[in-house]
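In the UniProt record's numbering, the protein residues as written are 1 to 79.
Structure follows, in structure tokens:
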């Protein structure tokens, strides 16, 4: 493979969606704690073992306050 093909392949790969990125695993966004800066994707809340408040909203593992949901737009992550 020549240098041209190598560079072309590398550039083509950089525009694709990374495995596990939002959009291909059912994620619709992430929960944030504005005070602590903690971020947990919605599909990872149960795996992370986060507690939930009476309304079902995940609570911050650091401070215990309810986290804010931020919806992802397009195929990008909610970061």
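Cβ atoms here follow ideal geometry from the backbone N, Cα and C, with glycine treated the same way.
Can you grab the Cα-Cα spacing for the pair residue i / residue j, in whole Å?
i	j	result
residue 21	residue 45	Per-residue confidence for residue 21 stands at a pLDDT of 49, beneath the threshold of 50, marking its modelled position as unreliable; the derived number appears in the next sentence. Rounded to the nearest angstrom, the two C-alpha atoms are 16 angstroms apart.
residue 67	residue 24	24 angstroms
Run through the DSSP bridge pairs and tell me what residue i is partnered with.
i	result
residue 70	30
residue 59	66
Secondary structure at residue i, three-state DSSP: helix, strand or coil?
i	result
residue 17	Caution applies to residue 17, whose pLDDT of 49 falls short of 50 and renders its modelled position unreliable; the model cannot decide the point.
residue 43	helix
Run the CB neighbour count on residue i, radius 10 Å, all protein chains shown included, and call it buried at 16 or more, exposed below.
i	result
residue 42	buried
residue 30	buried
residue 63	exposed
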